[in-house]
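To start, the structure under review is shown below, and the notes come after it.
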Amino acid sequence: MEPVNRMRVEFTSLPANVAFARVAAAAFASQLDFTLNDLEEIKVAVSEAVTNAIVHGYENSAGGTVVLAVEIRKNTLKIVVEDTGKGIEDMEKALQPAYSTDPERMGLGFAFMQSFSDSLKVESKPNAGTRVTMTKVCARKASSPAGR
Amino acid sequence: MEPVNRMRVEFTSLPANVAFARVAAAAFASQLDFTLNDLEEIKVAVSEAVTNAIVHGYENSAGGTVVLAVEIRKNTLKIVVEDTGKGIEDMEKALQPAYSTDPERMGLGFAFMQSFSDSLKVESKPNAGTRVTMTKVCARKASSPAGR
Amino acid sequence: MELQVEIKGGAMLVRLAGEIDLAVADTLRTSLEEELDRNPGVRNIVINLGGVRYIDSSGLGVLLGRYRRISGDGGRMFIVGASPQVRRIVEMSGLLNIMQEFPSEADALNHAG
Amino acid sequence: MELQVEIKGGAMLVRLAGEIDLAVADTLRTSLEEELDRNPGVRNIVINLGGVRYIDSSGLGVLLGRYRRISGDGGRMFIVGASPQVRRIVEMSGLLNIMQEFPSEADALNHAG
Ligand SMILES: Nc1ncnc2c1ncn2[C@@H]1O[C@H](COP(=O)(O)OP(=O)(O)O)[C@@H](O)[C@H]1O
Ligand SMILES: Nc1ncnc2c1ncn2[C@@H]1O[C@H](COP(=O)(O)OP(=O)(O)O)[C@@H](O)[C@H]1O
């Protein structure tokens, strides 16, 4: 059996929880021997995905629940951010840098997620929700699970 | 409707996750205007409860899941730590300071949880699990949810 | 987030600190818009990011929006004090293509004032 | 966690740093036991908590266990360098009733060596 360490957190779709989500993800990720720079990138990638869930998925209403699931398997971190909000109509456009359906936003969320992870997968269904999956490999050898 | 901000995180019963849990709880709690000393106390209280779930509830096996749920309602923080492990046989003894069923431990977990929270409730059923509920009131006026 | 605004001749000096994300984007946007409304003489903006520990696209979007407002009248935006990590995000966003970076507030104000 | 051990005459000086919780309790316990096994001349232990940012009952339990081992032969344990927050936890645990606190490593070693 391959040992896997998992966490899954659900939280209210409030802007103040973006900071909570990135700190939680980075605290969990720090069990691998990531560099400080890697941890910063993880924070930004998680913030962008969670921000999208709140702003686009739930259209800034505080009535939704965002899910952040993080998994460590060997030296690979897997991050999933999920909402059950309005979903993405045109996936191809959404993934283009500088494209946004909101004139006040930059359209760089997915570009940052892509740059800061080793793989990015976006699944979405209009009126059902969106799931973003990112992986990031830790280049340095992982310390033992108890070793920090 | 009273606005409530909630998070609920489930994670593998691994010792390395004790640090993750206390950081996550403190990051969420920091949306209230707690002092640094209060946040330290919250960290210790959460660590003790999560440690108990891992060490006693799941008897150090990594096959269990620990739940940490935190809720902010006005200026009150509510923390719940739950396991579905072996449960507490003798609650009265368990809550006594310096009592431990493990000779290597100090028996101070519940004493710390009590000192560092405003209320502590322990519910347990042998072979079903244990739920610890703590509350802590933030003395300073809460900042607005978006105001940090 | 902490925000300090000073008017220096034709320039507005904005000192930002803390974490600039979705939670503070609205507050920051509104504050900057109000300052620009109150000070119609402002042509250029200098943003000092010296105290910023974290920024992401929500924060950068607020800066870009204010740049758009002043650039309509020929105004420019200048950036100083970004830490290496913040600078990297700003650079990746493309903002450094339209906003010049200076080593110090004084240098930036020399060009902006 | 970081751990440094030095033998100074009849005393073992243990410098601890980082976060001392369940994740490192076993490692810490085993290391200290091995050092005591290897150095039968050690009578007293000085614990320098200067670098400790966090400790809870899992960490304090390891210290208490080693105290029990040496106190059987009349040995004592001394504590130095605890930050105010760490000191508060140590005090609440009752360990300060059985372990004397000193302002510096040198002072403690003077009594322990
Ligand atoms: N979770 C989501 N739910 C619904 N739509 C989304 C979601 N995430 C992204 N989108 C859509 O994809 C577009 C591009 O996203 P992104 O690159 O992050 O830029 P931005 O957030 O700045 O608009 C968004 O403008 C939005 O229309
Ligand atoms: N989650 C739990 N599941 C089962 N037993 C528990 C749990 N939490 C506490 N206990 C029991 O209560 C006792 C006292 O707990 P505590 O005061 O935290 O001291 P310690 O953890 O040092 O033993 C434990 O020794 C254990 O027998």
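Protein chains in written order, with the working numbering: chain A, 3 to 150; chain B, 3 to 150; chain C, 1214 to 1326; chain D, 1214 to 1326.
Where a beta carbon is used, it is the ideal one built from N, C-alpha and C, also for glycine.
Taking the alpha-carbon of residue i as reference, which of the options has the nearest alpha-carbon?
| i | options | result |
| --- | --- | --- |
| Glu1318 (chain D) | D:Ser1271, D:Leu1309, D:Arg1228, D:Gly1307 | D:Arg1228 |
| Gly66 (chain B) | B:Leu16, B:Met136, B:Val134, B:Lys143 | B:Leu16 |
| Leu1214 (chain C) | C:Gly1222, C:Asp1239, C:Leu1226, C:Lys1221 | According to the sequence provided, residue 1214 (chain C) is Met. The question's Leu does not apply to it. Closest option to Met1214 (chain C), Cα to Cα, is C:Asp1239. |
| Ala1321 (chain D) | D:Met1225, D:Tyr1267, D:Arg1281 | D:Met1225 |
| Tyr1267 (chain C) | C:Leu1249, C:Val1299, C:Glu1248 | C:Val1299 |
| Ala1230 (chain C) | C:Glu1314, C:Lys1221, C:Met1305, C:Leu1262 | C:Leu1262 |
| Leu1277 (chain C) | C:Leu1309, C:Gln1217, C:Ile1220, C:Ala1236 | C:Leu1309 |
| Arg1289 (chain D) | D:Ser1296, D:Ile1260, D:Gln1217 | D:Ile1260 |
| Val48 (chain A) | C:Asp1234, C:Asn1252, C:Leu1273 | C:Asp1234 |
| Gly131 (chain A) | A:Gly109, A:Ala100, A:Arg8, A:Ile90 | A:Ile90 |
| Ile74 (chain A) | A:Phe22, A:Ser119, A:Arg133, A:Ser32 | A:Ser32 |
| Ala12 (chain B) | A:Gly59, A:Phe30, A:Val46 | Sequence check: residue 12 (chain B) is Glu here, not Ala. Cα-wise, what sits closest to Glu12 (chain B) is A:Phe30. |
| Phe118 (chain B) | B:Thr137, B:Ala27, B:Ala100, B:Val68 | B:Thr137 |
| Ile81 (chain A) | A:Lys88, A:Phe22, A:Leu122 | A:Leu122 |
| Ala18 (chain A) | B:Ala23, B:Ala21, B:Val6, B:Asn19 | B:Val6 |
| Ser1296 (chain D) | D:Arg1251, D:Glu1314, D:His1324, D:Gly1274 | D:Glu1314 |
| Glu1246 (chain D) | D:Ile1302, D:His1324, D:Ile1283 | D:Ile1283 |
| Gly1326 (chain C) | C:Glu1232, C:Phe1291, C:Pro1316, C:Ala1236 | C:Phe1291 |
Please report whether the beta-carbon of residue i lies at a distance below 8 Å from any beta-carbon of chain C.
| i | result |
| --- | --- |
| Met136 (chain A) | no |
| Gly131 (chain A) | no |
| Glu84 (chain A) | no |
| Phe36 (chain A) | no |
| Lys95 (chain A) | no |
| Thr53 (chain A) | yes |
| Gly89 (chain A) | no |
| Ser146 (chain A) | Interpretation of Ser146 (chain A) is limited by its pLDDT of 48, a score under 50 that renders its predicted location unreliable; the figure taken from the coordinates is listed afterwards. So, not an interface residue. |
Contact check, residue i vs residue j under 8 Å by CB: the rounded distance?
| i | j | result |
| --- | --- | --- |
| Met93 (chain A) | Glu50 (chain A) | With a Cβ gap of about 16 Å, Met93 (chain A) and Glu50 (chain A) do not count as contacting. |
| Leu70 (chain B) | Val83 (chain B) | 6 Å |
| Cys140 (chain B) | Leu97 (chain B) | Contact flag wrong, Cβ pair sits at about 26 Å. |
| Ile1220 (chain C) | Val1255 (chain C) | 7 Å |
| Thr53 (chain A) | Ser1271 (chain C) | 6 Å |
| Ala64 (chain A) | Thr135 (chain A) | With 8 Å as the limit, Ala64 (chain A) and Thr135 (chain A) do not qualify as a contact, their Cβ atoms being about 25 Å apart. |
| Leu110 (chain B) | Ser1306 (chain D) | 6 Å |
| Gly1294 (chain C) | Asn1257 (chain C) | Incorrect: roughly 16 Å between the Cβ atoms, too far for contact. |
| Asp1286 (chain C) | Val46 (chain A) | The Cβ separation is near 33 Å, so there is no contact. |
| Leu1241 (chain C) | Leu1216 (chain C) | 7 Å |
| Gly59 (chain A) | Lys88 (chain A) | 6 Å |
| Met9 (chain B) | Phe112 (chain A) | That belief does not hold up - the Cβ atoms of Met9 (chain B) and Phe112 (chain A) are roughly 25 Å apart, past 8 Å. |
Mind checking if residue i is an interface residue toward chain B, Cβ cutoff 8 Å exclusive?
| i | result |
| --- | --- |
| Arg8 (chain A) | yes |
| Leu16 (chain A) | yes |
| Ala141 (chain A) | no |
| Ser1270 (chain D) | yes |
| Pro5 (chain A) | yes |
| Gln1217 (chain D) | no |
| Arg150 (chain A) | Here Arg150 (chain A) scores only 36 on pLDDT, less than 50, and its place in the model should not be relied on; the value that follows carries that caveat. So, interface residue. |
| Gly1231 (chain D) | no |
| Ile1292 (chain D) | no |
| Gln1313 (chain D) | no |
Are the C-beta atoms of residue i and some chain A residue less than 8 Å apart?
| i | result |
| --- | --- |
| Asp1234 (chain C) | yes |
| Leu1309 (chain C) | no |
| Ser1284 (chain C) | no |
| Ile1260 (chain C) | no |
| Val11 (chain B) | yes |
| Gln33 (chain B) | yes |
| Ser1306 (chain C) | yes |
| Leu1249 (chain C) | no |
| Phe118 (chain B) | no |
| Val25 (chain B) | yes |
| Leu1273 (chain C) | yes |
Under 8 Å between C-beta atoms, does residue i make it to chain D?
| i | result |
| --- | --- |
| Val72 (chain B) | no |
| Glu50 (chain B) | yes |
| Ala21 (chain B) | yes |
| Gly111 (chain B) | yes |
| Ala28 (chain B) | no |
Which complete alpha helix (DSSP H) runs does the stretch 59-110 of chain A hold, if anything under 4 residues is left out?
93-96
Residue ranges of each alpha helix (DSSP H) run of no fewer than 4 residues wholly in the stretch 1235-1316 of chain D, ordered along the chain?
1235-1251, 1270-1284, 1297-1305, 1308-1311
Touching or not, the stretch 95-111 of chain B and the stretch 1273-1291 of chain D, by the rule of three or more beta carbon pairs under 8 Å?
yes
When you compare the stretch 127-134 of chain A with the stretch 30-42 of chain B, are there three or more beta-carbon pairs, one atom per stretch, that lie closer than 8 Å?
no
Alpha helix (DSSP H) runs contained entirely in the stretch 4-33 of chain A, provided each spans 4 or more residues:
19-31
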